[in-house]
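Numbering (the numbering used here), first residue to last: 8 to 753. Using N, Cα and C, we set each Cβ at its ideal position, and we do this for glycine too. Computed from a prediction, not measured in an experiment: that's the story for all the values here.
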């Protein structure tokens, strides 16, 4: 037995070393410091369609020299300020409603929510109020955030906690000067959220101008005010003399959204078109007044408008980045690894790397391709259509799962052989759904009803084809699981292009995962790999057991690497599950009984493997995955506090998924049917063990895998349900292979 433990330990150590020597992304050369400038333009509440419908010659000209993408800036609540705070902190967080309420230090404050209701006779200066609230000295020519203390207190209680003013703080530590210019004020409201992006941890921007002196009265325009382009250009030229980074709020598009409550939607759309065109005129003036050979120009949209939200798009907005010497094309990053898609995590490294301050890798690169506004709009439409079709397609899959379970149970209870073709047909069609969903993105998700019809027809046709080709149900099961395994692995090795656009893949709008393998397909891959491997080994009867074990380890090893390696699957919960499954594969396939010592050893090696992989990711990957970032945090000053916050967040997501996901019902149904079969008909399980030992071993390993994936993954409910679905359907096919015995009825 000790020799067996040594072999198991040696296997896992070999696995860790194998993963470690796979290639990682390499970092680029460190840039030298120069007198470069970065200008960040805020054009809020607009969509790609708004830019297409408006007359924007200056943006179109800039686009010929720039990179373009959709940026995910999904915040944790609906306050617009939260999007700016998420950009500033390079994280996904929420903040308070008035987090951006800021003024020039010398500006008079007539109204401050909760403090000053109406003091137009003798208003105090913002700087004096700032000193009173924070005990800090305001910059004489700068901007101060009067709600910095409530924002900091909120951040300190947030899970996980975050640093308010992170962008400005990092800039100051790097010796860079930040300035802010412009606002989105209306006649009846103050909106200066752009300050959140520029300020430091004290709520200070060293220089800038966010006052209403930059505005002109505009009674026939949304908000009653509009930006004065000449004053903004004059202030910009002044601020660029002493600043390295300048954040400019163009303002007019925000005023449309902030004052649309009293306007019909067509009127708001027309006003937004006019605002986009005014912003384009200001963009042209800005370009004419700066050194384009020495300036990075970033134009982004932190928040979606009402129409975007109604279409299900609460996270993707257009972004354009001009960098001198950079080829135009679609932007991508190490955060997303997808053409035309960026995250708010990418802003900081892009800015600071360009300015040459020890950011060895900007994170953002350009893929030379068609990057027009129409291309971005088509990509956004695909993401929105996928989001609209995701739940209906999941319900379709669940319907197949329920039908297969109920019909299989009914056939087993009554013991009627004439039911076998129908049971097998439903099983084949059900297990074909992951394959159908892998390629359904070619439909562009043109309509939920149409895509459901295509999926149903494709799955039913595959089921009929498999039933006509294979007479033995276990041969059909081997074919289905083997082809699913091969296709999922191939897709993962080539960038997960298919599964990322699948209903069982990730959601670019939600932004939970941009690359790799999600928990849904991870569960399907593990289940298919286990079943196909054991069924294949059962057919190689002439091989010695030791050779069978080695041969069986190969697909399990490949699946583990595919799932866990940061360059491919990047799924740490799946990596743990795969290692545990592989360990129990070794034990069960060799006919050994499971002991507590073996369980402890496998669990320990799985945890050590994850830590080793995360450490390698943090050491050699310039933009590490979630696991690499987590291990780096563990060694930082925050240490165990942040790790505990991550665990708490994961447990919260798990609880929410269990409560809200319809797959929880499927998991309960499948587990109940399996428990009922085990309780009422133990002789059937004994028969399976004798006549089909490969299926018996697969069922045991799959059960352990389902429990593990449920425990270690925050959204492991769907993965566990899919594994149980493969488990129960394998059982139906094994039982039907020789018909139902009368003594097997419930």
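Under DSSP, residue 79 takes part in a beta bridge, and its partners are 323 and 350. Note on geometry: alpha-carbon atoms of residue 263 and residue 52 lie some 9 Å from one another. As the crow flies, the alpha-carbon of residue 183 is around 16 Å from that of residue 146.
Residue 152: member of the beta strand (DSSP E) spanning 150 to 152, first to last residue. The shortest CA-to-CA distance from residue 167 to any of 149, 98 and 216 is the one to 98. Taking 8 Å as the cut-off, the beta carbon of residue 601 is found no closer than this to the beta carbon of residue 704. For secondary structure counted as the alpha helix (DSSP H) over 4 or more consecutive residues, the stretch 545 to 598 holds these complete runs in sequence order: 552 to 571 and 579 to 596.
A distance below 8 Å separates the beta carbons of residue 338 and residue 347. Taking all protein chains in view, the Cβ of residue 456 is surrounded by fewer than 16 other Cβ atoms within 10 Å, so the residue is classified as exposed. Residue 197 sits away from residue 158, with the two beta carbons spaced by 8 Å or more. Annotation for residue 222: no alpha helix (DSSP H) segment contains it, though the beta strand (DSSP E) segment containing it runs 222 to 224. The C-beta separation of residue 79 from residue 351 comes to about 7 Å, placing the pair in contact by the 8 Å criterion.
The three-state reading of DSSP puts residue 528 in helix, counting H, G and I together. Annotated as proximal: residue 709 and residue 537, with beta-carbon spacing under 8 Å. Where residue 214 is concerned, the enclosing beta strand (DSSP E) starts and stops at 214 to 216. Per DSSP, residue 697 has no beta-bridge partner at all.
In this structure, residue 211 lies away from residue 358, with their beta-carbon atoms at least 8 Å apart. Distance from residue 58 to residue 325 at the Cβ level is roughly 7 Å; contact confirmed, criterion being Cβ atoms closer than 8 Å. Here residue 105 has 120 and 154 as same chain residues with Cβ atoms under 7 Å from its own Cβ, once five neighbours each way along the sequence are excluded. Close CB contacts of residue 452 within its chain, under the 8 Å cut and outside five residues either way in sequence, are with 389, 392, 393, 395, 396 and 458 (chain order). For residue 448, there is no enclosing beta strand (DSSP E), as DSSP marks it with neither H nor E. In this structure residue 506 is not in contact with residue 578, their Cβ atoms being roughly 12 Å apart against a cut-off of 8 Å. Per DSSP, residue 44 is one residue of the beta strand (DSSP E) stretching across 44 to 49.
In the DSSP assignment, residue 110 falls within the unbroken beta strand (DSSP E) covering 109 to 111. The beta carbons of residue 499 and residue 733 sit no closer together than 8 Å. Here residue 267 is buried. Its C-beta has 16 or more other C-beta atoms within 10 Å. Within its own chain, no residue has a Cβ closer than 6 Å to the Cβ of residue 615 once the five positions on either side in sequence are excluded. Contact annotation: the stretch 127 to 137 does not touch the stretch 234 to 245, with fewer than three C-beta pairs closer than 8 Å. Note on the stretch 226 to 309: whole alpha helix (DSSP H) runs with a minimum of 4 residues are 236 to 247, 259 to 265 and 272 to 295, in chain order.
For residue 322, the closest of 707, 54 and 671 by C-alpha to C-alpha distance is 54.
With respect to residue 171, residue 215 sits apart: the two C-beta atoms are not nearer than 8 Å.
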